[in-house]
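Those letters in the sequence shown? Residues 14 to 338, per the working numbering, in order.
The beta-carbon is built from N, C-alpha and C at its ideal position, and this holds for glycine as well.
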Amino acid sequence: MLDFLDDEDMMIAFITKKILPTWDGTESAEEIARRFREMKEDNSGSEGDLRLDEFRMLLTDTSASDENAMILLNRQQPVPATFSGMISWVSSVERLREVRALTGFTRLKAQVGGKPDAVPLSRSGLSWLPAVAMHGEGVFLSLNLEAVSEWENRPDVIEHLARLTQTHMDTARAEGKQADGAPSQLNARYMLIHTFAHALIARLSVDSGYSSSALRERLYVGPEMAGLLIYTSTPDADGTMGGLSRQARPARMEQLVLQALADHELCSADPLCSEGMARSGSNGNHAACHNCVFLPETSCEAWNGFLDRSLLSAGPLSFFKDLVE
Numbered sequence: 014m015l016d017f018l019d020d021e022d023m024m025i026a027f028i029t030k031k032i033l034p035t036w037d038g039t040e041s042a043e044e045i046a047r048r049f050r051e052m053k054e055d056n057s058g059s060e061g062d063l064r065l066d067e068f069r070m071l072l073t074d075t076s077a078s079d080e081n082a083m084i085l086l087n088r089q090q091p092v093p094a095t096f097s098g099m100i101s102w103v104s105s106v107e108r109l110r111e112v113r114a115l116t117g118f119t120r121l122k123a124q125v126g127g128k129p130d131a132v133p134l135s136r137s138g139l140s141w142l143p144a145v146a147m148h149g150e151g152v153f154l155s156l157n158l159e160a161v162s163e164w165e166n167r168p169d170v171i172e173h174l175a176r177l178t179q180t181h182m183d184t185a186r187a188e189g190k191q192a193d194g195a196p197s198q199l200n201a202r203y204m205l206i207h208t209f210a211h212a213l214i215a216r217l218s219v220d221s222g223y224s225s226s227a228l229r230e231r232l233y234v235g236p237e238m239a240g241l242l243i244y245t246s247t248p249d250a251d252g253t254m255g256g257l258s259r260q261a262r263p264a265r266m267e268q269l270v271l272q273a274l275a276d277h278e279l280c281s282a283d284p285l286c287s288e289g290m291a292r293s294g295s296n297g298n299h300a301a302c303h304n305c306v307f308l309p310e311t312s313c314e315a316w317n318g319f320l321d322r323s324l325l326s327a328g329p330l331s332f333f334k335d336l337v338e
């Protein structure tokens, strides 16, 4: 945290010296300082809260406003009638800004049951972090919350997740690891959204011209969220060329989703994959392997964990079962 910015005079001096020379807006140092204080007061420091704020922003069409257009240009698209009652929002994110900051280092393989322990960048506390601003584009979808809630509370879905949770815990104990509880990602909603994101990335790598390693996922999962953002970004200030965001247009989106679901209904490793015999119990997967939904790990938030085709389109438990029958 930049503690010296708590001092009003020092904050304005910092903005005048470091920010205004490269600032392309019309705001004064005092106005920027005021906006910074407002954002600081609103920010609780929780990544969950940040995701909820991002989710709400992505549910807003910003194409008619010039404000913040250089940061986010989000254009709502009609939801194809085929997905009525399943998908509630589609938008082409024609411009976005992503800031990546390095906060520490972890081992490649995380421990079971939670986030890995991070080693700080310095033995002494730092008042800054190395970061880079990226510019790009993407496609955003949100599922119908009522439909998802009804689906995840079905007895057969609950029973399936209970078995996955037990397998996860048993595997952790067999490996001599502490497993006090299941990871938060080991739930039907997260695994559905996550597997859907992987299916879309695999299909977009064919249709958009970007390789799967150039695409990334951002998942929005919670009591009020059931959405995903597939995006690409580059350090170039001009961003990317629009080949990804155009895939959100109705005619393309309908074929994209239907083909993505069809592509993952079967796997070349079935029946081993579909029955969960090709997975490691410690990563929370069920019907998932390198032959179907796995992606380059740089594209995935969970290192190819917590994936299950049977919740997406491969079988009677699937959320999109009616679209693939």
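Annotation: the continuous alpha helix (DSSP H) that includes F27 extends over 21-27.
P133 is classed as exposed because its beta carbon has fewer than 16 other beta carbons within 10 Å across all chains shown. In this model, A160 and R202 are separated by some 11 Å (Cα to Cα). For V219, the uninterrupted alpha helix (DSSP H) segment begins and ends at 201-220. For F333, DSSP assigns no beta-bridge partner whatsoever. Bounds of the alpha helix (DSSP H) holding Q272 are 263-276.
Remark: C-beta atoms of R231 and L242 approach each other more closely than 8 Å. Taking all protein chains in view, the Cβ of F118 is surrounded by fewer than 16 other Cβ atoms within 10 Å, so the residue is classified as exposed.
Closest in alpha carbon position to S246, among M238, G240, G255, is G255. In the three-state reduction of the DSSP assignment, A77 falls in the coil class, being assigned neither a helical nor a strand state. For A187, the enclosing alpha helix (DSSP H) stretches over residues 168-187.
Note: G235 is bridge-paired with M238 in the DSSP secondary-structure output. Separation of P263 and A273 (C-alpha to C-alpha, rounded to the nearest whole angstrom) is 15 Å.
For the pair R48 and T39, the Cα-to-Cα distance works out to about 13 Å. Remark: C-beta atoms of V112 and N87 do not approach each other more closely than 8 Å. If you draw a 10 Å sphere on the C-beta of L257, you find 16 or more other C-beta atoms in it, and that means buried.
For H148, DSSP records a beta bridge to R110, T247. Here DSSP, grouped into helix, strand and coil, assigns W102 to strand.
Collapsing the DSSP output to three states places Q90 in a strand. For S162, the enclosing alpha helix (DSSP H) starts and ends at 158-165. Taking the Cα positions, A144 is about 15 Å away from S135. For P133, DSSP records a beta bridge to G117. By the Cβ criterion, the region 167-178 is in contact with the region 326-334, since at least three pairs of Cβ atoms, one from each stretch, lie closer than 8 Å. Within 10 angstroms of the beta-carbon of A175 lie fewer than 16 other beta-carbons, which makes it exposed. Minimum Cα-Cα distance from D22 among the listed residues A42, I32, L33 corresponds to A42.
As the crow flies, the alpha-carbon of G98 is around 6 Å from that of N157. Looking from the CA of L71, the closest CA among V152, S78, P34, I45 belongs to V152.
By DSSP's assignment, F96 forms no beta bridge with any residue. C-alpha of A114 to C-alpha of N317: approximately 22 Å in a straight line.
L320 and H207 have their alpha carbons spaced roughly 6 Å apart.
The three-state reading of DSSP puts S225 in helix, counting H, G and I together. The region 211-227 and the region 299-317 touch, with no fewer than 3 CB-CB distances between them shorter than 8 Å. If you compare the alpha carbons of N298, F209, E150, I100 with that of Y223, the shortest gap goes to E150.
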